[in-house]
Amino acid sequence: MTKIVRLDPLNPDLNVIKEVADIVRNGGLCAFPTETVYGLGADAFNPKAITKVYEVKGRPKDNPLILHIDSLKMFNELTSDVPEIAYMIASKLWPGPITLILKKSNLVPNEVTANLPTVAIRCPAHPIALKLISSLGRPVAAPSANISGKPSPTKAEHVVRDLMGLVDVIIDGGDTFFGIESTIIDLTVNPPVLLRPGPITPEDITRILGIEVIVPPVARGYEEAKVALSPGVKYRHYSPNTPLILIELDNYEDLVKLANIVLNKALELRIKGYNVAVVASSETLNHYRSKGFPVINLGSRNNLFEVAHNLFKALREVDELGVDIALVEGFNDNVGLGIAIMNRLRKAASERLCY
Ligand code: TXA
Ligand code: MG
6 MTKIVRLDPL NPDLNVIKEV ADIVRNGGLC AFPTETVYGL GADAFNPKAI
56 TKVYEVKGRP KDNPLILHID SLKMFNELTS DVPEIAYMIA SKLWPGPITL
106 ILKKSNLVPN EVTANLPTVA IRCPAHPIAL KLISSLGRPV AAPSANISGK
156 PSPTKAEHVV RDLMGLVDVI IDGGDTFFGI ESTIIDLTVN PPVLLRPGPI
206 TPEDITRILG IEVIVPPVAR GYEEAKVALS PGVKYRHYSP NTPLILIELD
256 NYEDLVKLAN IVLNKALELR IKGYNVAVVA SSETLNHYRS KGFPVINLGS
306 RNNLFEVAHN LFKALREVDE LGVDIALVEG FNDNVGLGIA IMNRLRKAAS
356 ERLCY
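First residue of the sequence shown: 6, per my numbering; consecutive thereafter.
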């Protein structure tokens with residue numbers, strides 16, 4: 006049976022957190038909010054509980070988990086051969102939505118890292134997540150709290166839909182702040198490599214830390230290289246059940262052009278007998294709505310935080326519309342959160358059309 010508990014995200018009841026921590030200490034699984042997406046947490050030092058996390062999510066065994074920590078003490082216990090840059094990032098950006106890949110220590114169970122010699126670590130900036138870790142007194146291993154391949158959960162309702170009956174507790178702490186998963190950078194190589202773009206952008210890293218990170222094609226969401234850099238990039242992700250066609254342009258300056266391309270594609274599919282929906286920015290939405298297409302609003306192109314925040318909810322809503330095909334507008338992946346948004350959209354799409 007799954008217990009659902011509601012907690013104030015800013016001022017969570019510590020007694021409730023303690024009860025949840027006890028469940029995790031006894032090998033249970035708990036979904037909890039972070040500032041990025043909801044996580045599915047287990048005691049990082051309990052291999053049985055970790056194995057259960059993989060089973061519950063239907064997650065491929067070779068896709069390792071992130072360890073969530075509350076302190077440098079935990080950080081040092083879990084890592085070895087840590088380069089100076091890792092401490093610099095930790096001091097400037099933690100707690101926060103950035104995950105570091107480092108050499109693991111012997112304390113980290115192989116179940117967590119899928120037998121890799123490296124480990125993913127982050128200190129989340131969310132009162133519930135931090136207090137849960139502190140109350141447990143151990144790192145919390147947590148992937149996103151969705152069924153493998155589905156969009157990550159940004160509200161407790163998403164977790165309930167995916168994991169009700171499969172986990173011990175779901176903490177409802179409201180909507181998550183960023184709505185996309187943490188930035189992941191590999192610090193076992195020099196210069197560091199961006200494995201997954203997230204709320205902290207490559208420009209942020211350069212501006213705050215004065216270093217460049219390598220941005221490989223996989224970070225933009227393109228097909229994998231033959232040898233996957235991060236095990237997680239091998240799999241299709243975030244996918245609605247409804248076929249999703251991503252419309253990409255060379256540049257997005259001319260929104261009339263974008264809207265006309267998307268509308269023409271929608272009309273073409275309608276003539277063939279398909280029911281079509283469009284996932285679009287607020288700027289171009291009415292272009293499709295006025296022709297009778299159901300639309301899902303991602304928010305404004307001038308506010309990519311809003312688009313990122315709405316993205317996974319929108320991908321889940323696509324299935325609720327009951328259409329045959331959905332079209333989704335692309336975004337410029339060279340500015341700010343655009344790369345993080347396009348990484349998710351390219352992985353979610355069953356087809357990409359480039360103009
Ligand atoms: O924001 C987030 O990161 C959320 C919240 C819950 O913290 N967590 C999350 O976990 O997104 P998950 O499991 O959905 O994604 C973790 C990613 C996967 O792509 C995995 O392959 C990668 O991290 N990863 C984990 N350990 C790794 C390692 N040692 N080397 C390379 N990639 C690793
Ligand atoms: Mg995930």
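For every residue, glycine included, the Cβ atom is placed at its ideal position computed from N, Cα and C.
Here the structure is a predicted model, which is why all the values come from computation and not from measurement.
A direct Cα-Cα distance of roughly 40 Å separates Tyr293 from Glu217. Look at the stretch 239-309 and you find these whole runs of beta strand (DSSP E), each 3 residues long or longer: 249-253, 281-285 and 300-302.
With a threshold of 16 other beta carbon atoms within 10 Å, Ile252 meets it and is buried. Nearest neighbour of Ala146 by Cα position, chosen from Lys57, Glu311, Pro299 and Gly327, turns out to be Lys57. Around the C-beta of Cys359, fewer than 16 other C-beta atoms lie within 10 Å, and the residue is accordingly described as exposed. In this structure, Ser149 has its beta carbon less than 8 Å from a heavy atom of the ligand MG.
Taking one beta carbon from each stretch, the stretch 107-117 and the stretch 10-23 have fewer than 3 pairs nearer than 8 Å; the two do not touch. Excluding residues up to 5 positions away in sequence, Thr41, Val42, Thr159, Ala313, His314, Asn315, Leu316, Phe317 and Lys318 lie with their Cβ nearer than 8 Å to the Cβ of Gly184 in the same chain.
Shown here, Thr41 sits in coil according to DSSP, grouped into three states, outside any helix or strand. For Thr118, the enclosing alpha helix (DSSP H) begins and ends at Asn115 to Thr118.
Taking 8 Å as the cut-off, one finds at least one heavy atom of the ligand TXA near enough to the beta carbon of Leu70. When the beta-carbon positions are compared, Ala282 and Ala331 come within less than 9 Å of each other. The distance from the Cβ of Leu72 to that of Ala95 is about 13 Å, inconsistent with a contact at the 8 Å cut-off. Rounded to whole angstroms, the gap between the alpha carbons of Pro69 and Ala47 is 13 Å. Using a Cβ distance threshold of 9 Å, Asn348 and Gly170 do not count as a contacting pair. Between the stretch 84-94 and the stretch 136-153, the count of C-beta pairs closer than 8 Å stays below three; the two stretches do not touch. Out of Met79, Glu273 and Ala285, the CA that lies nearest to the CA of Pro299 is found in Ala285. Straight-line measurement puts the Cα of Ala161 at about 10 Å from the Cα of Leu168. If you draw a straight line from the Cα of Trp99 to the Cα of Leu214, it is about 13 Å long. Contact between Ile344 and Glu322 fails: their C-beta atoms lie close to 23 Å from each other, not under 8 Å.
Out of Asp180, Ala134 and Asp177, the CA that lies nearest to the CA of Ala26 is found in Ala134. For Glu208, there is no enclosing beta strand (DSSP E); the residue is part of the alpha helix (DSSP H) that begins and ends at Pro207 to Leu214. For Arg201, no alpha helix (DSSP H) encloses it; the enclosing beta strand (DSSP E) starts and ends at Val198 to Arg201.
Scanning its chain for C-beta atoms nearer than 8 Å, with the 5 sequence neighbours on each side dropped, one finds around Arg64 the residues Val58, Pro148 and Ser153, in chain order.
Scanning His131, Ile176, Ser295 and Pro204 for the CA closest to the CA of Glu311 turns up Pro204. DSSP places Ile22 in no beta strand (DSSP E) but in the uninterrupted alpha helix (DSSP H) bounded by Leu19 to Arg30. Where Ile175 is concerned, the enclosing beta strand (DSSP E) starts and stops at Val174 to Asp177. In the three-state reduction of the DSSP assignment, His73 falls in the strand class, which pools E and B. Nearest to Ile176 by alpha-carbon distance, out of Asp338, Pro38 and Asn269, is Pro38. Taking a 10 Å sphere around the C-beta of Asp191, we find 16 or more other C-beta atoms and assign the residue as buried.
Look at Glu186: its beta carbon is less than 8 Å from one of the heavy atoms in the ligand MG. Distance from Lys62 to Leu77 at the Cβ level is roughly 29 Å; contact not present, criterion being Cβ atoms closer than 8 Å. Taking 8 Å as the cut-off, one finds at least one heavy atom of the ligand MG near enough to the beta carbon of His242. When rounded, the separation of the alpha-carbon atoms in Arg30 and Leu254 is 50 Å.
For Arg349, the enclosing alpha helix (DSSP H) begins and ends at Gly343 to Ala353.
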